[in-house]
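Participant: After the structure tokens below, expect a handful of questions from me.
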Amino acid sequence: ISSSRTTLSRRGRRSSEMRGKRPRIGADDSNVDEDEHGIISRPATSPPDALSNREKLSKVCDILGIEDRRFLVLPNDGFTAESMDSEARAMQRGKRIVRVLTAAICDTVSPSNAKFKAEMMEEPKNYSGDFTRMLANAGKLIFFGMRSVRVIVKSLLATSFRRLALKDILKIESEKYNQDDHVSSMVQKKAVIGSEQYSSLRKVFGVLQNGHDIPKQTYTHRIDATKLGTAVQFIQQNLCVKAGAVRDVSIAGHTFRDMPVYERGGKSIKSLLEAYRVAFVEDERVGEHTFAEITRLLTKRGESKCGLST
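Sequential numbering from 786 applies to the sequence shown in my numbering.
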């Protein structure tokens, strides 16, 4: 073993002499030691931990050949998480340091490769805040916009989200308007999307993307005829018939022929609705909008007086 080490050492020295070179680490060899095997060592330098963050980055700049150091504006201990969160200037300075160093590293790894450099320099984008604002604005258009606008926005959301996810989104957005009871009631109704309506809205999106206008409403629902009967019965029992006047009335898919016309006698639809709610339990009566529609179709304002037209 000893003889083989000596042979390797001699071969190493001989090859160096033949090339006319001698292994070097620095220009100054006064402090360089070489052991019996030709291994070169240097005195230990100060540990990296003894350097400030700016000094460490300066050494990185030396290695990468960055001469302009004006971007190295930072505290000795670097930017803390607190300063990054609370100070916009600290965040911008930190990002600038990273950008300059990243650009220099890209030029070192793959010189003159603009595509590689552009891809590595591209910052990751976070659109969570923009996404939240987009949903809030979509909710405003659904709750307060015209019908055509509502249909367009709903069709876009129905095509983008699963129905249950969309249901949760609209529920969250509608709860922002709970302070006003009247507004809340209106918003809650428009925030509901059933399975049939959801399917129809997805079809509407296909029509719109092909450049056509919004089609007529394709999702419909039929109200229980028994409930409609309670509303008609209430009007017949509480209002007077206008002599000689009949109508054919179509309500929620049900057609009633030769229905007499009734006179409200100065009563408002709101007061009639309140009395209707007292007369029938919830499971037996129609909703507010349906009752108002039936009342308008079957009644006429005012009351008949002898010798006067109504």
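Yeah, the Cβ is synthetic: ideal placement off N, Cα and C, and Gly gets one too.
Keep in mind that this is a model prediction, so the values were computed, not measured.
Do you know offhand how far F901's Cα is from V885's?
Facilitator: Start at 1 with the first residue of the sequence shown, and residue 901 comes out as number 116. Start at 1 with the first residue of the sequence shown, and residue 885 comes out as number 100. If you take the alpha carbons of F901 and V885, they lie about 15 Å apart.
Participant: Across the region 915-932 and the region 891-906, are there enough close Cβ pairs to call them in contact, namely three or more that are closer than 8 Å?
Facilitator: no
Participant: Can you tell me whether Y912 is buried or exposed? The criterion is at least 16 other CB atoms within 10 Å of its CB, across all chains shown.
Facilitator: Here residue 912 corresponds to residue number 127 of the sequence shown, with the count starting at 1. Under this definition Y912 is an exposed residue.
Participant: Cβ atoms of A889 and M906: under 9 Å apart, would you say?
Facilitator: Position 121 of the sequence shown holds residue 906. Position 104 of the sequence shown holds residue 889. No, these two residues do not count as a Cβ contact at 9 Å.
Participant: Per DSSP, what are the beta-bridge partners of R1032 in this structure?
Facilitator: In the sequence shown, the residue the question calls residue 1032 occupies position 247. M1044, per the DSSP bridge assignment.
Participant: Whole angstroms are fine: how far does the CA of L1082 sit from the CA of G1049?
Facilitator: Here residue 1049 is taken as the residue at index 264 of the sequence shown, counted from 1. Here residue 1082 is taken as the residue at index 297 of the sequence shown, counted from 1. Checking the displayed sequence, the identity of residue 1049 turns out to be Arg instead of Gly. For R1049 and L1082, the gap between their C-alpha atoms comes out near 12 Å.
Participant: Do I1020 and T917 have their beta-carbon atoms positioned less than 9 Å apart in this structure?
Facilitator: The residue you call residue 917 lines up with position 132 of the sequence shown. The residue you call residue 1020 lines up with position 235 of the sequence shown. Contact: no.
Participant: Of the choices A1060, I999, D1068 and K844, whose alpha-carbon is the least far from that of R932?
Facilitator: As a working note, residue 932 is residue 147 in the sequence shown. Considering only alpha carbons, the answer is I999.
Participant: Starting from D965 and walking both ways along the alpha helix (DSSP H), at which residues does that stretch end?
Facilitator: Walking along the sequence shown from the start, residue 965 turns up at place 180. Neither: D965 is in no alpha helix (DSSP H) and is coded neither H nor E.
Participant: With a threshold of 16 other CB atoms inside 10 Å of the CB of R1086, please say whether the residue is buried or exposed.
Facilitator: Taking the sequence shown and counting its residues from 1, the one referred to as residue 1086 is at position 301. Exposed: under 16 other Cβ atoms inside 10 Å.
Participant: Quick one, are the C-beta atoms of L1013 and Y1047 less than 9 Å apart?
Facilitator: Here residue 1013 corresponds to residue number 228 of the sequence shown, with the count starting at 1. Here residue 1047 corresponds to residue number 262 of the sequence shown, with the count starting at 1. Against a cut-off of 9 Å, the Cβ pair of Y1047 and L1013 comes out as no contact.
Participant: By how many angstroms is the C-alpha of G1072 removed from the C-alpha of Q973?
Facilitator: For the purposes of this step, residue 973 is identified with residue 188 of the sequence shown, where counting begins at 1. For the purposes of this step, residue 1072 is identified with residue 287 of the sequence shown, where counting begins at 1. Rounded to whole angstroms, Q973 to G1072 spans 14 Å at the Cα level.
Participant: Could you tell me the alpha carbon to alpha carbon distance between K1052 and S969, rounded to whole angstroms?
Facilitator: Along the sequence shown, one-based indexing puts residue 1052 at 267. Along the sequence shown, one-based indexing puts residue 969 at 184. About 27 Å.
Participant: How should K1001 be labelled, buried or exposed, when 16 other C-beta atoms within 10 angstroms of its C-beta is the threshold for buried?
Facilitator: Within the sequence shown, residue 1001 is the residue found at index 216, counting from 1. Under this definition K1001 is an exposed residue.
Participant: Starting from K1085, follow its DSSP beta bridges and name the residues at the other end.
Facilitator: As a position in the sequence shown, residue 1085 is number 300, starting the count at 1. Answer by DSSP bridge pairing, in chain order: E1048.
Participant: Pull up the CB-CB distance for F928 and K880, whole angstroms please, since I reckon it's below 8 Å.
Facilitator: By 1-based counting over the sequence shown, the position of residue 928 is 143. By 1-based counting over the sequence shown, the position of residue 880 is 95. Actually they are not in contact, since the Cβ atoms of F928 and K880 sit about 39 Å apart, beyond 8 Å.
Participant: Would you report the Cα separation of G979 and T893, rounded to the nearest angstrom?
Facilitator: Sequence index remark: in the sequence shown, residue 979 carries index 194 (1-based). Sequence index remark: in the sequence shown, residue 893 carries index 108 (1-based). Each residue's Cα considered, the two are about 59 Å apart.
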